[in-house]
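Protein chains in written order, with our numbering: chain A, 436 to 719; chain B, 159 to 519.
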């Protein structure tokens, strides 16, 4: 997995480690949010599917009744009224209004049908015979169209939701399978690099302190040798100034102390880093 | 004595029509038709009476195609009768076509009003309502031109004259125009059968009865259908033919009626219409306005059709009259409607209402 996902091209620094950690956290929050959104949408989607099924079956029945009422009209009128109806219809009696519905951030268009009762353009069609059948047929067809409008709004919602659910799921999967592992990889990488650096640093410090110890030892030896020499010189020239001897001795001890002090403040830091490393090792 | 010279000129036509009448579908045929499972079966059952006309239909034709072919047969038979007739019989047959002409002209007027290309409307015109100057109507591009120069030349000109001017054509609803024309036509036809000396006797008797019934039926239907529309009572009254059993008292009451009860009251003077209204239970004011939902599944319209068919059937008991042509045409039309209904029921799988046709033989 980690090999396939790779990691982000960052410098393994402490700052980018912090950045990556916050990114990981963000990705996890986003993932859970998107997952919830996708679930909400899917729930809605299922409901719409169920309603589409109902509406389609209803449409089948209603259309059948409507077609039959048209047959009744042609029986009663005994001719074709299509042209007259077409020509006399001027204003729409049956109208559709479009609305928006917000389902977890997705705008679904909703069609709402309503009739304008005042408009009845072909009320006089079939005045001589069959007029009542024609009006009845019109009512039946109005109901059929109502069902169609309902179905249309459901179908549109269905398509849009389908698309949105796909996008959301893609995002969820991308976060789950790409972004989170990659961020984790990056964090792991940064940590290992930092460990490496720390180890190097520790090693270097050890080397430095070793060298310093060596140097100190050499210096001490030198000093000792110098003292020896001085002692010998003193012994040789005991009658020369004794005051000089005291100053030289204090100088040497002071220098040794100073080197020890200089080495000491550096030592706690590597220990600190070590502690942190151990913690990290426990994590990964 | 009235039949003495009838056969000299019109005997052949009458004989032919009686022959045609025998090919009308009977109750037996209808019960066979209702048993059909597909339109192809229907086609097969119709074979004996409609053979050649249905032969060219593709398998499983649409109901409208089927009805179209049946109408073609009616038209060709009628044209043959027209070609064979002379004198007042020919005139009588011409009168029969005027009703279809009114429909065609109304169609073309609608087209002209909405500035459509009326040429393509010619195909939609009923072939029985075809007359030579019908295509000329398409030349007119506006309604004034149509009225002044074209409609005058049509056989229907007398019906326009006096009751409609070109402004009316523009302003009135086409249905009102159509019904005005039809009213004038019915009155003219009524006058014609009652005044023509050749028609003394049986023609006058049966045709008067039929036309009176037709007039009353139109009045009642117009009244019922105008409830809830912008048609005013004065306008409505102008559409009632001025003859018939309901005229004048019934018509006056009809013109004042405001609901179905009012109509029932208006027609109660005539016993047979009263029985119709009683049969459908007067409950039409409720949910199913005149719909098929009466006592035994019959609507008022169905009862009227039934009555018309029975009158048509009775006409065949008379001899020496061209009225049989009228009766035959009406019966044939009803037959086409019946077959359309049955095949529609079969096509849409709504068998429970399939028996809702009218068969008188």
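Even glycine gets a Cβ: it sits at the ideal position worked out from N, Cα and C.
Its chain contains 308, 311 as the residues whose beta carbon lies nearer than 8 Å to that of residue 294 of chain B, once the 5 sequence neighbours on both sides are disregarded; these appear in chain order. Considering only A:604, A:470, A:591, the residue with the shortest C-alpha distance to residue 536 of chain A is A:591. Residue 550 of chain A and residue 577 of chain A do touch by the CB rule: their CB atoms are close to 6 Å apart, below 8 Å.
By the 16-neighbour rule on beta-carbons within 10 angstroms, residue 214 of chain B is exposed. The continuous stretches of alpha helix (DSSP H) do not include residue 545 of chain A, which lies in the beta strand (DSSP E) extending over residues 541–550. In this structure, DSSP gives residue 537 of chain A an extended state, which the three-state scheme calls strand. By alpha-carbon distance to residue 434 of chain B, the top candidate from B:300, B:252, B:297, B:379 is B:379. Around residue 508 of chain B, the beta-carbon contacts reaching into chain A at under 7 Å are 503. Within the segment 453–477 of chain B, the residues whose Cβ lies closer than 9 Å to some Cβ of chain A are 457, 458, 459, 460, 462, 463, listed in chain order.
In the same chain as residue 589 of chain A, and ignoring 5 residues on each side of it, the C-beta atoms closer than 7 Å to its own belong to 483, 486, 487, 490, in chain order. According to the DSSP assignment, residue 212 of chain B belongs to the alpha helix (DSSP H) that extends over 197–213. Residue 530 of chain A is bridged by DSSP to A:549. Secondary structure note for residue 572 of chain A: its alpha helix (DSSP H) is the uninterrupted segment 566–609. Residue 166 of chain B places its beta carbon 9 Å or farther from that of residue 483 of chain B. A contact between stretches requires three or more CB pairs, one per stretch, nearer than 8 Å, and the segment 274–281 of chain B fails this requirement with the segment 235–244 of chain B. Cβ-Cβ distances below 6 Å link residue 519 of chain A to 560 in the same chain, with the five nearest sequence neighbours on each side left out; the list follows chain order.
Here residue 192 of chain B is near residue 500 of chain B, since their CB atoms are less than 9 Å apart.
Taking CB atoms only, residue 404 of chain B has no neighbour in chain A less than 9 Å away. Taking residue 340 of chain B as reference, the option from B:377, B:358, B:360, B:362 with the minimal CA-CA separation is B:377. Among the residues of chain B, those whose CB is under 7 Å from the CB of residue 560 of chain A are 333, following chain order.
Among the CB atoms of chain B, none fall inside 9 Å of the CB of residue 588 of chain A.
By the CB criterion at 9 Å, residue 571 of chain A and residue 507 of chain A fall inside the cutoff. Around the beta carbon of residue 219 of chain B, 16 or more other beta carbons lie within 10 angstroms, which makes this residue buried.
With 16 or more other CB atoms across the displayed protein chains lying within 10 angstroms of its CB, residue 203 of chain B is buried.
Going by beta carbons, residue 260 of chain B and residue 314 of chain B fall inside the 9 Å limit. By the C-beta criterion, the segment 242–253 of chain B is judged to be in contact with the segment 472–489 of chain B, since at least 3 inter-stretch pairs fall below 8 Å. In the three-state DSSP reduction, residue 506 of chain B falls in the coil class, being neither helix nor strand. Between residue 401 of chain B and residue 429 of chain B, the gap from beta carbon to beta carbon reaches 9 Å or more.
Annotation for residue 221 of chain B: the continuous alpha helix (DSSP H) segment containing it runs 221–242. A distance below 8 Å between beta-carbons, with the five flanking residues on each side excluded, links residue 469 of chain A to the following residues of its chain, in chain order: 603, 606, 607, 610. Listed along chain B, the residues sitting closer than 9 Å to residue 515 of chain A by beta-carbon distance are 222, 282. Here the alpha carbon of residue 414 of chain B sits roughly 30 Å from the alpha carbon of residue 467 of chain B. Counting C-beta pairs closer than 8 Å gives three or more between the segment 463–478 of chain B and the segment 363–372 of chain B, which meets the contact rule. In terms of Cα proximity to residue 526 of chain A, the closest of A:492, A:548, A:553 is A:553. For the segment 563–579 of chain A, residues whose beta-carbon sits nearer than 8 Å to a beta-carbon of chain B comprise 563, 564, 565, 566, 567, 568, 570, 571. Three or more beta-carbon pairs drawn from the segment 447–455 of chain A and the segment 616–633 of chain A are found closer than 8 Å, and the two stretches are therefore classed as touching.
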